[in-house]
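Numbered as in numbering that gives the first Met the number 0, the sequence shown ends at 393 without a single skipped number. We put the beta carbon where it would ideally sit given N, CA and C, even for glycine. Scroll down for the structure; my scribbles are underneath it.
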Amino acid sequence: MRNSDQQPPPKVAFVYTDELSRYRLSPEHPLRPVRLRHMHDLMHLSGLFDLSNVSVAVPRRATRAEIESAHDPEYVSIVEAISNGAIAPGMGEFGLGTPDNPTRPGMYDTTALCVGTTLVAGELVLSGEADIGFAPAGGVHHHAMRRNASGFGVFNDAVIAMNAMVNAGLRVAYVDIDCHHGDGVQAGHYDSDRVLTISIHESGQWLFPGTGFVQEIGSGGGTGYSVNVPLAPYTQDADWHVAFDAVVPDLIRAFKPDVLFTQLGIDTHFQDPLTHLSLTTQGFNLAVQKLGRLGAEIGKWVAVGGGGYDLSAVARAWTMALATMANYELPDDVPGTFTSLADDSTIESEGDVPTKFADTPPPPDEHSSLDEIQQHNAHTLDEIRSLIFPKFGL
Ligand SMILES: [Zn+2]
0 MRNSDQQPPP
10 KVAFVYTDEL
20 SRYRLSPEHP
30 LRPVRLRHMH
40 DLMHLSGLFD
50 LSNVSVAVPR
60 RATRAEIESA
70 HDPEYVSIVE
80 AISNGAIAPG
90 MGEFGLGTPD
100 NPTRPGMYDT
110 TALCVGTTLV
120 AGELVLSGEA
130 DIGFAPAGGV
140 HHHAMRRNAS
150 GFGVFNDAVI
160 AMNAMVNAGL
170 RVAYVDIDCH
180 HGDGVQAGHY
190 DSDRVLTISI
200 HESGQWLFPG
210 TGFVQEIGSG
220 GGTGYSVNVP
230 LAPYTQDADW
240 HVAFDAVVPD
250 LIRAFKPDVL
260 FTQLGIDTHF
270 QDPLTHLSLT
280 TQGFNLAVQK
290 LGRLGAEIGK
300 WVAVGGGGYD
310 LSAVARAWTM
320 ALATMANYEL
330 PDDVPGTFTS
340 LADDSTIESE
350 GDVPTKFADT
360 PPPPDEHSSL
370 DEIQQHNAHT
380 LDEIRSLIFP
390 KFGL
């Protein structure tokens, strides 16, 4: 049902093509693009594409010039050559050919198309055709660096899209709620005061990529414009939101951006196999609601996906996110016709079809006490208040 609201519902452009779900990085790779097909099925069965304020847009491939706005031409050429079947002996120097970043035929094209989903989402929002652009295939490249692939990321779609926005004279606030530090995006704008990056993640003390500490605050003219919120493993919904509420709304309002750009990774989920934060889908969706309120104040909101390696959590969380963006209230139950997860022969151990969008919250973790978690996170927030807030008059 539609939420009662005096305002007209926001216009949401959903940018997607099934082409981005049809490949594998390697047989054992935890990032399974088929997750996007399950997500799309669940959105469709939930009626989200029937809403008059949701339109589906087709992406384009990012051009070479767009990709080179964020990446060294030599690195881009190596990716292109490998993609065309060439053997590149020096590819290890560029982070390629590793278990995390395997090479495969066609990788240039699928990555350029993935970047293109993010670019189109940004273009539709900047042109005013949409209030919100959502490109869930994007965002997963947030570790990619100027001269190397990293952490499943090859071409950094967020950096490329925000470069276009900055070149158009706009100031952008980037909020990354993936479980991993958004290091490639931070590096892409580290010396700029035109892009404020805020990353909330499991501390690099315990998780890849081992960065994202509070002391990384930017350099030169960008000092103070890189913000990191490293949290303790096993942080659950309530304490995650304590950190979000303490940092994100005030900093964004003080920065006064022209565009809000959010990376909505769902590998924070308690069932995610790669990470240790313990969010539920409803905890994640509450963050989307809060970001949506900030996006509505700013008037332009571009959202991308990100990590997410539990396929049920990905499908449900991003369906909930699209419903939130469209101001549409989902029922409690997942449609009974959603069976593609169970039918997916690529899933060995987690083929159970979820019955509810929301999760039953997990029990407290036996590895850490709530006190230890809260003390760690309180220390993080104290450091941010002393290092960052004064630069914004807070
Ligand atoms: Zn991640």
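query: Can you tell me where the alpha helix (DSSP H) with W420 in it begins and where it stops?
result: The shown model of the chain, from 0 to 393, leaves out residue 420, and the question about it has no answer.
task: Taking 8 Å as the threshold, find out whether the segment 119-138 comes into contact with the segment 161-174 through three or more Cβ pairs.
output: yes
query: Quick one: does the C-beta of H179 sit closer than 7 Å to a heavy atom of ligand 1?
result: yes
query: Under 8 Å between the Cβ atoms of D108 and R59?
result: no
field: One or two residues paired with D342 in a DSSP bridge
entry: Answer is none; D342 lacks a bridge partner.
Candidates R292, R193 and G211: closest to H179 by CA position: G211
query: Starting from F48 and walking both ways along the alpha helix (DSSP H), at which residues does that stretch end?
result: Looking at the DSSP string, F48 is not in any alpha helix (DSSP H), and its letter there is neither H nor E.
Candidates Y22, D331, P353 and I297, of which the one nearest K255 by Cα: I297
message: Out of H28, T110, A143 and P8, which one is the CA nearest neighbour of P98?
response: H28
Cutoff 8 Å; reference D332; Cβ partners in own chain excluding five residues on either side: T354, K355 and F356
According to DSSP, residues forming a beta bridge with Y173: T196 and F260
- prompt: Are I182 and G264 close, meaning C-beta to C-beta below 8 Å?
  reply: The identity of residue 182 in the sequence shown is Asp, whereas the question assumes Ile. No. Outside cutoff.
message: Buried or exposed, going by whether 16 or more other CB atoms sit within 10 Å of the CB of I81?
response: buried
task: With a threshold of 7 Å, establish whether the CB of D266 neighbours any heavy atom of ligand 1.
output: yes
message: My parser needs the beta strand (DSSP E) runs of 3 or more residues fully inside the segment 100-144; what are they?
response: 131-134
- prompt: Per DSSP, V303 forms a beta bridge with which residues?
  reply: A134 and Q262
- request: From the DSSP output, read off the bridge partner residues of H268.
  value: L278
- prompt: Taking the C-alpha atoms as reference points, what is the distance between E328 and E92?
  reply: 48 Å
message: So the candidates are M324, R36 and V246; which of them puts its Cα closest to the Cα of R384?
response: V246
query: Is the segment 131-146 close to the segment 293-313, with three or more CB pairs under 8 Å?
result: yes
query: Taking just the CA atoms, how far does G84 sit from A312?
result: 35 Å
message: Using the three-state DSSP reduction, which class does E201 fall into: helix, strand or coil?
response: strand
Cβ pair count under 8 Å reaching 3, the segment 234-250 against the segment 307-321: no
query: Is the segment 196-206 in contact with the segment 231-239, if contact means three or more CB pairs nearer than 8 Å?
result: yes
query: Taking Cβ to Cβ, would you say P361 is nearer than 8 Å to F269?
result: yes
Own chain residues within Cβ distance below 7 Å of L411, not counting five before or after: No information on residue 411 is available, as it lies outside the stretch 0 to 393 that the chain covers here.
- request: Count the other C-beta atoms from every protein chain shown that fall within 10 angstroms of the C-beta of D236, then say buried if there are 16 or more, exposed otherwise.
  value: buried
message: Between V114, T110 and I77, which has its C-alpha nearest G96's C-alpha?
response: I77
Beta-carbon gap between D238 and I66 smaller than 8 Å: no
Separation of T110 from A136, as counted between CA atoms: 10 Å
- prompt: Hey, how far is the Cα of I86 from the Cα of A325?
  reply: 46 Å
- prompt: Is the segment 31-42 touching the segment 148-161, taking contact as three or more C-beta pairs under 8 Å?
  reply: no
message: Shorter than 7 Å, the distance from the beta carbon of G306 to the closest heavy atom of ligand 1, or not?
response: yes
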